[in-house]
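J.: A single structure is presented below for examination.
Numbering (this note's numbering), first residue to last: 167 to 326.
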């Protein structure tokens, strides 16, 4: 049964990665905004309700490990997330390497899940990978927000 959940969760993660690629490509066609940068981590934060159930709870050391790995993984996303000014708006530049980075991160997560899942219960593994993903998206989006605000100030300075 554990193998079923491992395979199922990996398929869901792959589906989410593909969805994120399409969302990212679509987003690059519209101007970026503070709201569009901040909302995804806020929406994802509702997943923390999983920790209300004992099966998903992890130790503080596991929390730290998962979040730190997520922050390290976010470096690749941060490096490929760039903005540019077009007209009077700021746009996200679509990166050709984003797709490859996203799938490499997915593959790394699946391998880690296989290794960790052999030693840690499925619920704890799920909790750790939620924390990894959350640590990754929060640090990535904070870096994006910083870059966006920097360009926004540059636009204000140029216009006024």
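Glycine residues also receive a C-beta, built at the ideal position from the N, C-alpha and C atoms.
Kindly confirm or deny that the segment 235-242 and the segment 288-306 touch, where touching means at least three C-beta pairs closer than 8 angstroms.
T.: Verdict: yes, contact present.
J.: Is the CB-CB distance between residue 202 and residue 193 below 8 angstroms?
T.: Taking the chain shown and counting its residues from 1, one reaches residue 202 at position 36. Taking the chain shown and counting its residues from 1, one reaches residue 193 at position 27. Closer than 8 angstroms, so yes.
J.: Please list, in chain order, all residues of the same chain as residue 294 whose beta carbon is under 6 angstroms from its beta carbon, the five residues on each side excluded.
T.: One-based indexing of the chain shown puts residue 294 at position 128. Correct list, in chain order: 224, 228, 232.
J.: Take residue 304 as the anchor and find which of 177, 170, 204 has the nearest alpha-carbon.
T.: Here residue 304 refers to the residue found at position 138 when the chain shown is read from its first residue. Ranking the options by Cα distance to residue 304, first place goes to 204.
J.: What's the call for residue 319, buried or exposed, on a 16-neighbour Cβ count within 10 Å?
T.: Residue 319 sits at position 153 when you count from the first residue of the chain shown. Counting Cβ neighbours within 10 Å, residue 319 comes out exposed, since fewer than 16 surround it.
J.: Put residue 307 into one of helix, strand or coil per three-state DSSP.
T.: Residue numbering aside, residue 307 sits at position 141 when the chain shown is read from its first letter. Helix, per DSSP.
J.: Taking the alpha helix (DSSP H) that residue 201 falls in, what are its first and last residues?
T.: Numbered from its first residue, the chain shown carries residue 201 at position 35. Run containing residue 201: 200-210, per the alpha helix (DSSP H) assignment.
J.: I need the DSSP call for residue 255, collapsed to helix, strand or coil.
T.: Taking the chain shown and counting its residues from 1, the one referred to as residue 255 is at position 89. Residue state, collapsed to three classes: strand.
J.: Apart from the five residues just before and just after residue 290, which ones in its own chain have a Cβ nearer than 6 angstroms to its Cβ?
T.: As a working note, residue 290 is residue 124 in the chain shown. These residues qualify, in order along the chain: 224.
J.: Can you tell me where the alpha helix (DSSP H) with residue 233 in it begins and where it stops?
T.: Working through the chain shown from its first residue, we reach residue 233 at position 67. Unbroken alpha helix (DSSP H) run through residue 233: 226-246.
J.: In the DSSP assignment, find the alpha helix (DSSP H) that holds residue 263 and state where it starts and stops.
T.: Here residue 263 refers to the residue found at position 97 when the chain shown is read from its first residue. Taken as a continuous stretch (DSSP letters only), the alpha helix (DSSP H) holding residue 263 covers 263-283.
J.: By DSSP's criteria, residue 249 is part of a beta bridge. Which residues make up the other side?
T.: Taking the first residue of the chain shown as position 1, residue 249 is located at position 83. Partner(s): 258.
J.: With a threshold of 7 angstroms on Cβ separation, who are the neighbours of residue 249 within its own chain once the five nearest residues in sequence on each side are excluded?
T.: Position 83 of the chain shown, counted from the start, is the residue given in the question as residue 249. Within the same chain, residue 249 has close Cβ partners 198, 256, 257, 258, 259, 313, 314, 317.
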